[in-house]
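Notes follow once the structure below has been shown.
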Amino acid sequence: MSMDFTEFKRRIGAEPRSGDPELIAARDLSPEHRETVIKAEAFEQKLERAVDLPAPSDLLERITSVTSMEGNKRRNWWPVAMAASVLVAVGAAGMGWKMSQGWESVEAYVVDHYRHDGDKVVAMALEGGPADVHAMLARFDLDATPELANIVSLIKYCPTPEGKGIHMILDTQNGPLTVIYMPDTHVTDREMLAFDQMEALLIDLESGSAAIIGADSQRIEDYYAVIHDSIVPLPDPS
363 MSMDFTEFKR RIGAEPRSGD PELIAARDLS PEHRETVIKA EAFEQKLERA
413 VDLPAPSDLL ERITSVTSME GNKRRNWWPV AMAASVLVAV GAAGMGWKMS
463 QGWESVEAYV VDHYRHDGDK VVAMALEGGP ADVHAMLARF DLDATPELAN
513 IVSLIKYCPT PEGKGIHMIL DTQNGPLTVI YMPDTHVTDR EMLAFDQMEA
563 LLIDLESGSA AIIGADSQRI EDYYAVIHDS IVPLPDPS
C-alpha cells in the first residue's frame, strides 16, 4: 500500500535526505510527490548555506557585554555558564539573509518550517542540552522573563520570512511545544492555523511576532500569554 501524501509531505519535510526505502519509493508516485522533494531539498540547502556563513568577530564580546550590563539586575535568573550556548550562536550567527521570496504568506512559512524540521528539533530537545534563552534573545535586543526562560529546553537560530529568527522548544505540562520568533514579521494576532494534525497560534509582539505550534490536543492557546508577555525588550543600559 502506497504512503499517504500527507504523511509523505511530513516525512520528507523532516528528513529530505532520508535513506528509508519506503520514502524513496514514494518520491516518484506523482508530480506532486516529486515537487515536494525538490522544495524540501531546496529548503535544506538554504539552511546549510546559512550556517556556513562566518559569525561576527565580536559575537562573544556582544554577549559578554549584555551579561555584564544586566548581571546586577537579574543575577538570580541569569544562567552562570554560557560557553555551550555561545558555541551554538557561533554556529548559526551568519543567518542574516532574507527568504521572503520563498513563501507566499507568513502562514505558508510557518507550515513549511514545521514540516521541514519541527519533529527533528523536538527530538533534539528531548535528548537534553543547554538552552540559554537570554544570550540568544540578546542578539535581538530582547530578553525572556523567568516564566518563559525556565521552560525552554532548546533554542536555536532559524530562517524566517525576513531573515534570522529563533526556534524554541518549550517543556510544558501538555508536552513539548514549538515557538518560532520572527523579529521583523508582523502577523494577525491570535490567528489559528491547522495542518497535519497540528495547530499554530500566531502572536503579534511589540517587537516582531511569534508562532506557537503543537498537536491539536495540546491546547496551545493556553500559552498565548506566556509568549506575548515574556519576550520583552532589554532594559535601557542608561
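Under our numbering, residues 363 to 600 are what the sequence shown spells out, in order. Virtual Cβ for every residue (Gly too), placed ideally from N, Cα, C.
In this structure, the beta-carbon distance from Leu504 to Leu596 falls below 8 Å. Residue pairing by DSSP places Asp533 opposite Pro538 in a beta bridge. Per the C-alpha coordinates, the member of Ala573, Asn536 and Asp494 positioned closest to Met554 is Ala573.
With respect to the 8 Å criterion, Val495 and Ala485 are not classified as neighbours on the basis of their beta carbons. Scanning Arg581, Ile400, Asp546 and Lys526 for the CA closest to the CA of Pro538 turns up Arg581. Per the coordinates, the alpha-carbon of Tyr476 lies some 24 Å from the alpha-carbon of Leu391.
DSSP places Gly576 inside the beta strand (DSSP E), whose first and last residues are Ser571 to Ala577. Bounds of the alpha helix (DSSP H) holding Asp474 are Val468 to Leu488. Closest by C-alpha distance to Leu567, out of Ile575, Ala587 and Ala387, is Ala587.
Per DSSP, Asp591 lies in no beta strand (DSSP E) segment; the continuous alpha helix (DSSP H) that holds it begins and ends at Tyr586 to Ser592.
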